[in-house]
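>
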RNA sequence: CGGGGUGUAGCGCAGCUUGGUUAGCGCGCCUGCUUUGGGAGCAGGAGGCCGGGAGUUCGAAUCUCCCCACCCCGACCA
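Residue numbers (my numbering): 3 to 660.
1. Using a Cβ-Cβ cut-off of 6 Å (strictly less than) and excluding sequence neighbours within five positions of residue 342, which residues of its own chain qualify?
2. Out of 484, 515 and 488, which has the shortest C-alpha to C-alpha gap to residue 500?
3. Would you please state the rounded distance, in angstroms, between the beta carbons of residue 372 and residue 251? I believe it to be under 8 Å.
4. In chain order, which continuous runs of the beta strand (DSSP E) of length 3 or greater are located wholly inside the region 579–609?
5. Can you tell me the Cα-Cα spacing of residue 578 and residue 452, whole angstroms?
6. Who are the Cβ neighbours of residue 594 in its own chain at under 6 Å, not counting the five residues just before and after it?
7. As an exercise, report each continuous alpha helix (DSSP H) stretch of at least 4 residues that is fully enclosed by the region 361–441, in chain order.
8. Sort 657, 345 and 477 by Cα distance to residue 626 and report the nearest one.
9. So residue 407 and residue 385 are supposed to be a Cβ contact under 8 Å. How far apart are they, rounded?
10. Does the region 400–420 come close enough to the region 287–307 to have 3 or more Cβ pairs within less than 8 Å?
11. Could you tell me the distance, in whole angstroms, from the CA atom of residue 51 to the CA atom of residue 599?
12. Evaluate residue 565 with the Cβ neighbour count: other Cβ atoms within 10 Å of its Cβ, from every protein chain shown; 16 or more gives buried, anything less gives exposed.
13. How big is the Cα-Cα spacing for residue 245 and residue 380?
14. Could you have a look at residue 659 and say whether DSSP puts it in helix, strand or coil?
15. Can you name, in chain order, every residue of its own chain whose Cβ lies under 7 Å from the Cβ of residue 438, other than the five neighbours on each side?
16. Rounded to whole angstroms, what's the CA-CA distance from residue 434 to residue 314? Just pull it up for me.
17. Is it right to say residue 463 is buried, meaning 16 or more other beta carbons lie within 10 angstroms of its own, or is it exposed?
18. Taking the C-alpha atoms as reference points, what is the distance between residue 403 and residue 301?
19. Determine the extent of the alpha helix (DSSP H) in which residue 503 is found, giving its start and end residues.
20. Per DSSP, residue 227 is paired with what?
21. Using DSSP bridges, identify the partner residues of residue 291.
22. Can you say whether residue 541 is buried or exposed, counting buried as having 16 or more other CB atoms within 10 angstroms of its CB?
23. With distances taken between CB atoms, is the gap from residue 359 to residue 322 smaller than 8 Å?
24. By alpha-carbon positions, which one of 255, 468, 288 and 305 ends up nearest to residue 324?
25. What residues are listed by DSSP as bridge partners for residue 255?
26. Out of 460, 596 and 304, which one is the CA nearest neighbour of residue 268?
27. Identify, in the order they occur along the chain, each residue of the same chain with its Cβ nearer than 7 Å to the Cβ of residue 1, setting aside the five sequence neighbours on each side.
28. Contact between the region 511–523 and the region 479–493 is defined here as three or more beta-carbon pairs at a separation below 8 Å; is this criterion met?
29. Report the CB separation of residue 398 from residue 276 in whole angstroms; it is logged as a contact under 8 Å.
30. Sort 454, 235 and 236 by Cα distance to residue 329 and report the nearest one.
31. Here's a check: name, in chain order, each residue in its chain whose Cβ is nearer than 8 Å to the Cβ of residue 357, leaving out the five neighbours to either side.
32. Looking at the unbroken alpha helix (DSSP H) that takes in residue 530, where does it start and where does it end?
33. What would DSSP say about residue 201, mapped onto helix, strand or coil?
34. Among residues of its own chain, excluding the 5 on either side of residue 178, which ones have a beta-carbon nearer than 7 Å to its beta-carbon?
35. Helix, strand or coil: how does DSSP classify residue 557 here?
36. If you check the beta carbons only, do residue 631 and residue 654 fall under 8 Å apart?
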């Protein structure tokens, strides 16, 4: 999947090698001149006092003769403070030639050194730099310090940074193969953030959340995913809410087979063309080659069409409203967990109607009453509902309508679609009926779906640097009761509290794993996005209260134990509301009304742009595409759905998308 | 398919340029003690066909060749 399963380790140690030593150890880099500017080395200031000065520093100086290297981390207790790059530390000479020579001269020492240690290359992609940083252990082992990439957001987190403390940044700025960034610097930074900050690397943040909130893993086959229990619990709640709405709209659930004869796909020209590149085809089964290859469904219009053709005879059989919950397979070239996976779970609705009007109305009903309503009320995600341009239309549809959501990075995600299929599939699969006049008519069909992609949407629409933020409506755990200390009274009271809340209908988890520190557990639940956390410790017990922490708002309040249930209810309601409010505000702030393609591209750097569709057109679409910007959907000025993309005065929503 | 990159412990990575003790480090995991109000500390421990195959060599994680896998960047998604 995309970046693969590589999550970062939970915490980054700041000094992977030797223990940090040296109160005045300057972490500074004197890189080969040509690289200095590119790598923007930051010279170390005095090291913080919280690191005792190590003996080795002195020892290293005693060996001055043998020392080589001005590489980063070759500290000098005596000469702390900033020196311009190019100066040697420890009185070492700088300059590549001397460096090499002196390494050669020292070879025996290197060889006998128990474990010659080398500094990381400043730039792993430039091999010539490598030798430059080699520093024998004897002289500088204690100063060994891996250079790191340090992002601005990370710096901000570090109080010492402001105090003049400096970090060593490095890594390859020129290619993607640079080593993963790590942490280095003062003790305050020993704790890397739980997640990669969003601002630094959003895709990485996403991966981190998936892994650390235990939502999903990558499957063994590229593009497949394992949905872990916590993630699946969220999905189940989504399913339940969507399913209820679908049923309210009159559709019934059924199930159609995973395998579809290849010939079915061929019956609708555009449909095959659209899907053939991503089909998984079974050619062998039962130990021999199949007469006719079978495809694993990428969607079920064709099989369902076949059966609708059988079942529909009369106008009395219409409308036929079907839905199925299933998995589908579309072989993805660039998979991303939940967002674009080779196999995913979804709901696909398929309906047949007597008239075009009826079909159109139903497709819209699903779009608004099921999808938009669900996303807004349950997922707390505001969506822009609109019509897709012809180029973004579903293969075989006459009209595709969409719910577009904005993620916190400003990109758009199509959260659900509803299609009018016209009579394309009805003709191909002979879905015909006799009307009340006794004449043969071709039916009109629709299809519509939402998938596990919404999981990705949920994560990216609400998540923050502390992790997931789950709306209470889909939260597998609404409240976690956390026993702060290993104390029988406390744990008992927590248990009772959990029971009480369960009795009040809340989904509660008791966290009495007192072998883990309180902070660790608090962090874990924040990561998982549990909306409300109740902390109870001896001090609270003494005062007959609990501390209620709200994940969405990020605050903590003491609440009397007697009124906990009420306070929790209130907090949950507030969470659902403010999540939607936050997402709406953030989205609206990032939609810019513009009047040219250039401006649109610019606006797409931070969010979406709206502009007259007349200015875009098909030609404009391809222009935008060069900047990876697409038309997400079209709407009328008043926000209503257009009946055609040829209507005058339509507004195009454009942006980058997943 | 073209170009670039990476395969070493569950995860993240050093080590390879210049072959040579027992292949290291961080996180995680296990045990014990001390801890527990925001990611615990210390001590001990388990865990490796160094992607695969062939070759060079007294000796290969390291050098050579071949293969495999994965990742990244470039061509119409729920």
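No residue lacks a Cβ here, since even glycine has one placed at the ideal position from N, Cα and C. From a predicted model like this one, the values you see are computed outputs, not experimental measurements.
Looking at the atomic coordinates:
1. Here residue 342 refers to the residue found at position 340 when the first chain is read from its first residue. Within the same chain, residue 342 has close Cβ partners 334.
2. On the first chain, residue 500 is found 498 positions in, with the first residue counted as 1. Closest option to residue 500, judged by alpha-carbon separation, among 484, 515 and 488: 484.
3. Along the first chain, read from residue 1 onward, the residue named residue 372 stands at position 370. Along the first chain, read from residue 1 onward, the residue named residue 251 stands at position 249. Rounded, the Cβ-Cβ distance is 6 Å, consistent with contact.
4. Runs of the beta strand (DSSP E) inside the region 579–609: 593–595.
5. Walking along the first chain from the start, residue 578 turns up at place 576. Walking along the first chain from the start, residue 452 turns up at place 450. Cα-Cα distance, rounded: 21 Å.
6. Residue 594 sits at position 592 when you count from the first residue of the first chain. Closer than 6 Å at the Cβ level, and outside the excluded window around residue 594, lie 605 and 611.
7. Whole alpha helix (DSSP H) segments, 4+ residues: 375–379 and 426–430.
8. Here residue 626 is taken as the residue at index 624 of the first chain, counted from 1. Taking only the C-alpha atoms, the option nearest residue 626 is 657.
9. On the first chain, position 405 is the one that residue 407 refers to. On the first chain, position 383 is the one that residue 385 refers to. The beta-carbon separation of residue 407 and residue 385, rounded to 5 Å, stays under the 8 Å limit for a contact.
10. The region 400–420 is not in contact with the region 287–307.
11. Locating residue 51 in the first chain gives position 49, counting from the first residue. Locating residue 599 in the first chain gives position 597, counting from the first residue. Confidence at residue 51 is low in this model, with a pLDDT of 27, below 50, so its placement is unreliable and the value that follows should be read with caution. Rounded to whole angstroms, the gap between the alpha carbons of residue 51 and residue 599 is 55 Å.
12. Position 563 of the first chain, counted from the start, is the residue given in the question as residue 565. A residue is called buried once 16 or more other Cβ atoms fall within 10 Å of its Cβ, and residue 565, having fewer, is exposed.
13. As a first step, residue 245 must be located in the first chain, where it is residue number 243. As a first step, residue 380 must be located in the first chain, where it is residue number 378. So the alpha carbons of these two residues sit roughly 13 Å apart.
14. Residue numbering aside, residue 659 sits at position 657 when the first chain is read from its first letter. Correct three-state label for residue 659: strand.
15. Residue mapping note: residue 438 aligns to position 436 of the first chain, counting from 1. If we look at residue 438 and ignore the five residues flanking it on each side, its Cβ neighbours are 317.
16. Position 432 of the first chain, counting from 1, holds the residue named residue 434. Position 312 of the first chain, counting from 1, holds the residue named residue 314. If you take the alpha carbons of residue 434 and residue 314, they lie about 7 Å apart.
17. The count along the first chain starts at 1 and reaches residue 463 at position 461. Buried is the call here.
18. Taking the first residue of the first chain as position 1, residue 403 is located at position 401. Taking the first residue of the first chain as position 1, residue 301 is located at position 299. Straight-line Cα distance between these residues: approximately 17 Å.
19. As a first step, residue 503 is located in the first chain; it is residue number 501 there, counting from the start. Its alpha helix (DSSP H) spans residues 490–505.
20. For this step, residue 227 is matched to residue 225 along the first chain. Answer is 220, bridged to residue 227.
21. As a first step, residue 291 is located in the first chain; it is residue number 289 there, counting from the start. Bridge partners of residue 291 according to DSSP: 286.
22. On the first chain, residue 541 is found 539 positions in, with the first residue counted as 1. Exposed is the label assigned to residue 541, since fewer than 16 other Cβ atoms lie within 10 Å of its Cβ.
23. Sequence index remark: in the first chain, residue 359 carries index 357 (1-based). Sequence index remark: in the first chain, residue 322 carries index 320 (1-based). No, Cβ-Cβ distance for residue 359 and residue 322 is not below 8 Å.
24. To locate residue 324, count along the first chain from 1; it is residue 322. Of the listed residues, the one whose Cα sits closest to residue 324 is 255.
25. Position 253 of the first chain, counted from the start, is the residue given in the question as residue 255. Residue 255 is bridged to 325.
26. For the purposes of this step, residue 268 is taken as residue 266 along the first chain, with counting starting at 1. Selected option, being the one with the closest Cα: 304.
27. This structure cannot settle anything about residue 1, because the visible part of the chain is limited to 3 through 660.
28. They touch, by the three-pair rule.
29. Indexing the first chain from 1 puts residue 398 at position 396. Indexing the first chain from 1 puts residue 276 at position 274. With 8 Å as the limit, residue 398 and residue 276 qualify as a contact, their Cβ atoms being about 7 Å apart.
30. Here residue 329 corresponds to residue number 327 of the first chain, with the count starting at 1. The candidate whose alpha carbon is nearest that of residue 329 is 454.
31. One-based indexing of the first chain puts residue 357 at position 355. Excluding five sequence positions before and after residue 357, the CB atoms of its chain that fall closer than 8 Å to its own CB belong to 446, given in chain order.
32. Position 528 of the first chain, counted from the first residue, corresponds to residue 530. Counting along the chain, residue 530 falls outside any alpha helix (DSSP H), and DSSP gives it neither H nor E.
33. As a position in the first chain, residue 201 is number 199, starting the count at 1. Residue 201 sits in coil when the DSSP states are folded into three classes, being neither helix nor strand.
34. Here the question's residue 178 lines up with position 176 in the first chain. The predicted model places residue 178 with a pLDDT of 23, which falls under 50 and marks its position as unreliable; any figure quoted below should be read in that light. In its chain, beyond the 5 residues on either side, no residue has a beta carbon closer than 7 Å to the beta carbon of residue 178.
35. For the purposes of this step, residue 557 is identified with residue 555 of the first chain, where counting begins at 1. Strand.
36. The count along the first chain starts at 1 and reaches residue 631 at position 629. The count along the first chain starts at 1 and reaches residue 654 at position 652. No, these two residues do not count as a Cβ contact at 8 Å.
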